[in-house]
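>
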Amino acid sequence: MEPKGSVMSPDDTPMPRRSLGSDSGLHYGSFVNSLASLTPKAGEKPAVSPRHAYIGVAVLCYINLLNYMERYTIAGVLSTLQTFFDINDSTAGSLQTVFICSFLLLAPLFGYLGDRYNRKYIMIGGLSVWLVTSVGSSFVTKSYFWLLVLLRALVGIGEASYSTLAPTIIGDLFIGGKRSIMVCVFYIFIPVGSGLGYITGAGCATLTGDWRWGLRITPLLGVVGLILLVFLCPNPPRGAAETQGEGVTGQSSYLEDVMYLLRNKSYVLSSLGVTALAFLTGALAFWMPTFLSRAQVAQGLLSPCTKEPCDPTASLIFGAVTVVTGIVGGGLGTGLSRWFRDKVSNADPLICAAGMLGSVPCLFITIFVASASIPATYVFIFLGELLLSLNWAVLADILLYVVVPTRRATAEALQITFGHLLGDAGSPYLLGVISDAIGDSKPATHHWSFHSLKYSLLVCPFVGILGGLFFLITSLYITEDRKAVQRSLGDDPVPQQGPAPEPAMELNNRSNE
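Read in order, the letters of the sequence shown are residues 476 to 988 in the numbering used here.
1) Just the C-alpha distance for Leu990 and Asn821, rounded to the nearest angstrom, thanks.
2) Please name the residue in Leu897, Pro918 and His926 whose C-alpha comes closest to that of Cys474.
3) Compute every distance between the C-beta of Gly748 and the non-hydrogen atoms of the ligand HEM, then say whether any falls below 7 Å.
4) What residue range is occupied by the uninterrupted alpha helix (DSSP H) comprising Gly600?
5) Taking 8 Å as the cut-off, does the segment 797-812 touch the segment 834-852 (at least 3 CB pairs, one atom from each stretch)?
6) Buried or exposed: which applies to Tyr876, given that a residue is buried once 16 or more other Cβ atoms fall within 10 Å of its Cβ?
7) Classify Thr852: buried if its beta carbon has 16 or more other beta carbons within 10 angstroms, exposed otherwise.
8) Which residue from Val630, Thr683, Leu791 and Ala753 puts its Cα closest to that of Ala550?
9) Please state the DSSP three-state secondary structure of Ser864.
10) Less than 6 Å between C-beta atoms, sequence neighbours within five positions excluded: which residues of the same chain meet that for Gln557?
11) Out of curiosity, what's the CA-to-CA distance linking Leu752 and Gly901?
12) Please state whether DSSP places Arg816 in a helix, a strand or coil.
13) Could you tell me which of Asp915, Gly914, Ile873 and Leu777 sits nearest to Gly748, measuring between CA atoms?
14) I'd like the span of the alpha helix (DSSP H) that includes Ile560, first residue to last.
15) For the alpha helix (DSSP H) that contains Ala912, what are its first and last residues?
16) Cβ of Leu641 within 8 Å of Cβ of Asn539?
17) What separation, rounded to the nearest whole angstrom, lies between the Cα atoms of Leu682 and Phe893?
18) Kindly list the residues whose CB is nearer than 8 Å to the CB of Gly700, restricted to its own chain and excluding five residues on each side of it in sequence; keep chain order.
19) Return the residue from the list Asp817, Ser524, His527 and Thr954 that minimises the CA-CA distance to Tyr742.
20) Taking 8 Å as the threshold, find out whether the segment 664-678 comes into contact with the segment 619-638 through three or more Cβ pairs.
21) What is the rounded straight-line gap between the Cα of Pro778 and the Cα of Val854?
22) Suppose contacts are defined by Cβ-Cβ distances below 8 Å. Is Leu707 in contact with Gly589 by that definition?
23) Indicate the three-state DSSP secondary structure (helix, strand or coil) for Leu701 in the structure shown.
24) Need the endpoints of the alpha helix (DSSP H) that Lys740 sits in, please.
25) Return the CA-CA distance between Gly859 and Ser524, expressed in angstroms with no decimal places.
26) Do Leu767 and Ala789 have their beta-carbon atoms positioned less than 8 Å apart in this structure?
27) DSSP on Ala845, reduced to helix/strand/coil?
28) Buried or exposed: Asp561, going by 16 or more other Cβ atoms within 10 Å of its Cβ?
29) Can you give the Cα-Cα distance for Phe754 and Trp923, rounded to whole angstroms?
30) Does the Cβ of Ser593 have 16 or more other Cβ atoms within 10 Å, making it buried, or fewer, making it exposed?
31) Express the C-alpha separation of Ile597 and Leu625 in angstroms, rounding to a whole number.
32) In this structure, how does DSSP classify Asp685 when only helix, strand and coil are distinguished?
33) Check whether the Cβ atoms of Leu947 and Ala828 lie closer than 8 Å to each other.
34) Can you list, in chain order, the residues of its chain whose CB lies under 6 Å from that of Gly697, leaving out five sequence neighbours each side?
35) From Ser963 to Leu736, what distance separates their C-alpha atoms?
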């Protein structure tokens, strides 16, 4: 006889009771999916052979790397693009805004299709669109900037298909701790790819003397990824990892799900914090290399860029900083969460608040010290990005344990859509508009161009303060909201906070002895 609260065997209860369609669908490429959303049952095995599964994950990680490299290649050659097309800051910011907007509009559609049709075929089609439009954008001539904007929007459509569906395949290949490790590895390539995007774009433009090659390198590598995806990536049944390959189905009322989430204080407040974080990181990722270049010009360390290609140093260094802080910060945030988990019940939102609020003075110092010392500026950029990177893995935990399993996919979709729409979709453009408005108040000079962008960046620390306050308020409700989820599960095991639910697996093994 099993003790109360232990994990029941597959014969005790029907597997479809927990619907993958509304539980662990892993939609929209969120880092929330880096954790195992269900406690594994004894004896469960993935539907695909381990060797095939690992190869599939390696292919998906490679494409994810290219995905984020391409996304930030534009930022790596932004100064050169502004010189070539003779565009101001607000117009340049529109390149990222149209990309994010198209990404957001199409992600829910691909999520809907991915729940009903062959995910591998959908990704192949989306990746093909991404390759064609990425290469096409490198052939735009000086008088057709509008075409570059259109192609960037189409690139967002292609990336939406992959970012939405790839994590769901990984989630169906593994369970428990292995799932956590595999999807965490998948998401590590986000900061790595982002940083390499700056480096690749700026480096290729410098080596070839043409910014267009900065936009061509990732599509060329993407052709290899497409071939690997076609021949080596599996498409397991949905829910295969939890049902020994059989898969699960299920339905829920969308309106009821939304109303439940709106009443969930921890979910709403943490989602507002996520929005502030997305606004902040999106603005910094797009404008910081340009800001650093202008700071060097203002100090007389660098000649103004009057013809392409512009000096790539700022993009190269910022890219390297992004890679390192993303990996170290994500691991440190997870470690702190696991360390304090059993000591402080509301530790997770407090860690997020500390990361956001701790980054604020670093951002202020970065903005104002840039006119005096570039090395000191990089030091505080490193510290600020490191503190911001603490949040991503911890935010994954928060969504999982304050929302009941059957509503996690809806919760994830709304958080990602809302966070990006009011966050990094508009922040690059907004800062560009503010910079242009300030710049137009005086005669145009290189020195004033630096200061106008500097003053527009002051929006970021205040948004950081706002995000930190949202996380602090979340800490007041998170314990009770988590207990409510536990009560709703009854005797079912509670989803683990951390990325590796091995303790729950050990409990399951003991109960079956």
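For glycine and all other residues, C-beta sits at the position ideal for the given N, C-alpha and C. The structure displayed is predicted, hence computed values, not measured ones.
In brief:
1) What the structure shows of the chain is the stretch from 476 to 988, and residue 990 is not part of that stretch, so it cannot be assessed.
2) Lying outside 476 to 988, the shown extent of the chain, residue 474 is not represented and no answer is given.
3) By its list of ligands, the structure shown contains no ligand whatsoever, and the ligand HEM lies outside what it can speak to.
4) Looking up residue 600 in the sequence shown gives position 125. Element bounds for Gly600: Arg594 to Ser612.
5) no
6) Translated into the one-based positions of the sequence shown, residue 876 becomes position 401. Under this definition Tyr876 is a buried residue.
7) For the purposes of this step, residue 852 is taken as the residue at position 377 of the sequence shown. Classification of Thr852: buried, given that the 10 Å Cβ count is 16 or more.
8) The residue you call residue 550 lines up with position 75 of the sequence shown. Considering only alpha carbons, the answer is Leu791.
9) Counting from 1 along the sequence shown, the entry for residue 864 is found at position 389. Reduced to three states, the DSSP call for Ser864 is helix.
10) Against the sequence shown, residue 557 aligns to sequence position 82. Around Gln557: Ala567.
11) Along the sequence shown, one-based indexing puts residue 752 at 277. Along the sequence shown, one-based indexing puts residue 901 at 426. Each residue's alpha carbon lies about 13 Å from the other.
12) By 1-based counting over the sequence shown, the position of residue 816 is 341. Residue state, collapsed to three classes: coil.
13) Here the question's residue 748 lines up with position 273 in the sequence shown. Taking only the C-alpha atoms, the option nearest Gly748 is Ile873.
14) Position 85 of the sequence shown, counted from the start, is the residue given in the question as residue 560. A quick correction: the sequence has Phe, not Ile, at residue 560. Looking at the DSSP string, the run of the alpha helix (DSSP H) that includes Phe560 is Leu553 to Phe560.
15) Here the question's residue 912 lines up with position 437 in the sequence shown. Looking at the DSSP string, the run of the alpha helix (DSSP H) that includes Ala912 is Ser902 to Gly914.
16) For the purposes of this step, residue 641 is taken as residue 166 along the sequence shown, with counting starting at 1. For the purposes of this step, residue 539 is taken as residue 64 along the sequence shown, with counting starting at 1. The question names Leu, but residue 641 is Ala in the sequence shown. Cβ distance < 8 Å, so Ala641 and Asn539 count as in contact.
17) By one-based count along the sequence shown, residue 682 stands at place 207. By one-based count along the sequence shown, residue 893 stands at place 418. Using only the alpha carbons, I get a separation of about 40 Å.
18) The residue you call residue 700 lines up with position 225 of the sequence shown. These residues qualify, in order along the chain: Val534, Tyr537, Ile538, Leu541 and Leu602.
19) Locating residue 742 in the sequence shown gives position 267, counting from the first residue. Comparing Cα positions, the closest option is Thr954.
20) no
21) In the sequence shown, residue 778 corresponds to position 303, counting from 1. In the sequence shown, residue 854 corresponds to position 379, counting from 1. The amino acid occupying residue 778 in the given sequence is Ser; Pro does not appear at that position. Using only the alpha carbons, I get a separation of about 23 Å.
22) What you label residue 707 is simply residue 232 of the sequence shown in a count that begins at 1. What you label residue 589 is simply residue 114 of the sequence shown in a count that begins at 1. Not a contact, by the Cβ cut-off of 8 Å.
23) As a working mapping, residue 701 is identified with position 226 in the sequence shown. Three-state DSSP puts Leu701 in a helix.
24) As a first step, residue 740 must be located in the sequence shown, where it is residue number 265. Lys740 to Ala773 is the extent of the alpha helix (DSSP H) around Lys740.
25) Looking up residue 859 in the sequence shown gives position 384. Looking up residue 524 in the sequence shown gives position 49. Cα to Cα, the separation comes out at about 42 Å.
26) Translated into the one-based positions of the sequence shown, residue 789 becomes position 314. Translated into the one-based positions of the sequence shown, residue 767 becomes position 292. Yes, the pair counts as a contact, with Cβ atoms nearer than the cut-off.
27) The residue given as residue 845 occupies position 370 in the sequence shown. Coil at Ala845, not helix or strand.
28) Mapped onto the sequence shown, residue 561 falls at position 86. Per the 10 Å Cβ criterion, exposed.
29) Taking the first residue of the sequence shown as 1, we reach residue 754 at position 279. Taking the first residue of the sequence shown as 1, we reach residue 923 at position 448. Approximately 25 Å between the Cα atoms of the pair.
30) In the sequence shown, the residue the question calls residue 593 occupies position 118. The sequence as given places Asn at residue 593; Ser does not occur at that position. Label assigned to Asn593: exposed.
31) Along the sequence shown, one-based indexing puts residue 625 at 150. Along the sequence shown, one-based indexing puts residue 597 at 122. Cα to Cα, Leu625 sits roughly 22 Å from Ile597.
32) For the purposes of this step, residue 685 is taken as residue 210 along the sequence shown, with counting starting at 1. In the structure shown, Asp685 sits in coil (DSSP, three-state: anything other than H, G, I, E or B).
33) Numbered from 1 along the sequence shown, position 472 holds the residue referred to as residue 947. Numbered from 1 along the sequence shown, position 353 holds the residue referred to as residue 828. In this structure, Ala828 lies closer than 8 Å to Leu947 by Cβ.
34) Your numbering for residue 697 matches position 222 in the sequence shown. Leu541 and Leu606, listed in sequence order.
35) Taking the first residue of the sequence shown as 1, we reach residue 963 at position 488. Taking the first residue of the sequence shown as 1, we reach residue 736 at position 261. Going by the C-alpha atoms only, they are around 15 Å apart.
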